[in-house]
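Below is one structure; the comments refer to it alone.
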Amino acid sequence: MDRKRVLVVGGTGYLGQHVLQAFSEMERKPYDLAFTHHSTPSQSLLDAISPSLAFPVDLQTGHGLDSIFSNFGQPHVVVNCAALSVPRICEMDPAAAMAINVPSTLVKWLSSFGEGGSLLIHLSTDQVYEGLKSFYKEDDEAVPVNVYGKSKLEAEKFISANCSNFVILRSSIIHGPQTISPVTKALPVQWIDSVLSKGDEVEFFHDEFRCPVYVKDVVTTILALTKRWLSDGRQMQLVLNVGGPDRLSRLQMAEAVANVRGYNTSLIKPVSASSVNRGVISPADISMDISRLVQILNINPVPFRDGVKLNLDVGSGS
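Residue 1 is where the sequence shown starts when you use the UniProt record's numbering, and the numbers rise one by one after that.
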């Protein structure tokens, strides 16, 4: 019987590494695993997810994709985690944001295998929403306010128009433990913990709301979709909000970390997001309704406070 093949695009990034680790730790390793990378993977990552194949791929040109087919075969599932995801950087270079975030070469490559033979699971963002209300639903109009959100919405439109078998995951801020091969970008909970641990007053926005999601819940969603497609073979054309169950301001996120750690919460000072120029417009409230995710996949994401304890390895008894 033909073994099922899973390809993770952007495997050296934060989510990509967590996804690879989860697939490689599955009992009896049911899937053959490969990943693409832009930055060279570390030996520690390669060892941890062995056996897997690593392919250097330039997503802007598509260079390297054909080598995957020759050496690995047509993937049954492709998880696209590759993105230029720092909004300020996207704002400074809109052309690069569009070229990297709209996976046109990847989709064209997949469509060369014929209709729907591969499932594309594509990571999008809550930043496709305008941010003028609470608890956006998937069917609400998407009106992004910055280049990052616009590039991710373009990606969604491109996939919907050119793919017959896809799931788009609109993820909120992802928090969780560091990866096998540590990423350089600041991790949200660890960063809050490090600034609060110094014992100085710190300002946090009280009027910018998100539904931060624990990384393992995003991974569980991807595993569940993979299993569903490979077991029943029914094509999907789905958009899912993937957030945590809590609508929180940055201030409330900091307070949760302080409470778990036992820091003095009076050091946390509320400030309005409008008082700071971050070089990019940031939507005010892009909290999401996740009932579709819960209903379709029976996944109940962990509350933020529990995720903080898991991130910082704090016992649940504290």
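Glycine residues also receive a C-beta, built at the ideal position from the N, C-alpha and C atoms.
Gly199 has its alpha-carbon roughly 37 Å from the corresponding atom of Leu20. In this structure, the alpha-carbon of Pro87 lies about 22 Å from that of Leu106. For Lys309, the enclosing alpha helix (DSSP H) has its first and last residue at 304-312.
With a 10 Å radius around the Cβ and a threshold of 16 neighbouring Cβ atoms, Asn101 comes out buried. Approximately 19 Å separates the beta-carbon atoms of Ala54 and Pro103; this is outside 8 Å, ruling out the contact.
One thing to note: Gln237 has its Cβ within 8 Å of the Cβ of Phe166.
Under the three-pair Cβ rule at 8 Å, the region 132-150 counts as touching the region 273-290.
Fewer than three beta-carbon pairs drawn from the region 219-226 and the region 253-260 are found closer than 8 Å, and the two stretches are therefore not classed as touching. Annotated as proximal: Tyr148 and Gln127, with beta-carbon spacing under 8 Å.
In the structure shown, Ala48 adopts helical secondary structure according to DSSP, grouped into three states. In chain order, Glu201 place their CB closer than 6 Å to the CB of Leu267, counting only its own chain and leaving out the 5 sequence neighbours on each side.
Counting only runs that start and end inside the region 5-39, the beta strand (DSSP E) elements of at least 3 residues fall at 31-37.
Looking from the CA of Val260, the closest CA among Ser274, Ser197, Gly279, Val280 belongs to Ser197. With a threshold of 16 other beta carbon atoms within 10 Å, Glu25 falls short and is exposed. Per DSSP, the continuous beta strand (DSSP E) segment holding Leu238 begins and ends at 237-242. The C-beta of Asn80 has 16 or more other C-beta atoms within 10 Å across all chains shown, which makes the residue buried.
Ranked by Cα distance from Val314, the first of Ala34, Val257, Leu59, Ser231 is Val257. Across the structure, Arg170 and His38 are spaced so that their CA atoms are roughly 23 Å apart. Annotation: the continuous beta strand (DSSP E) that includes Lys269 extends over 268-271.
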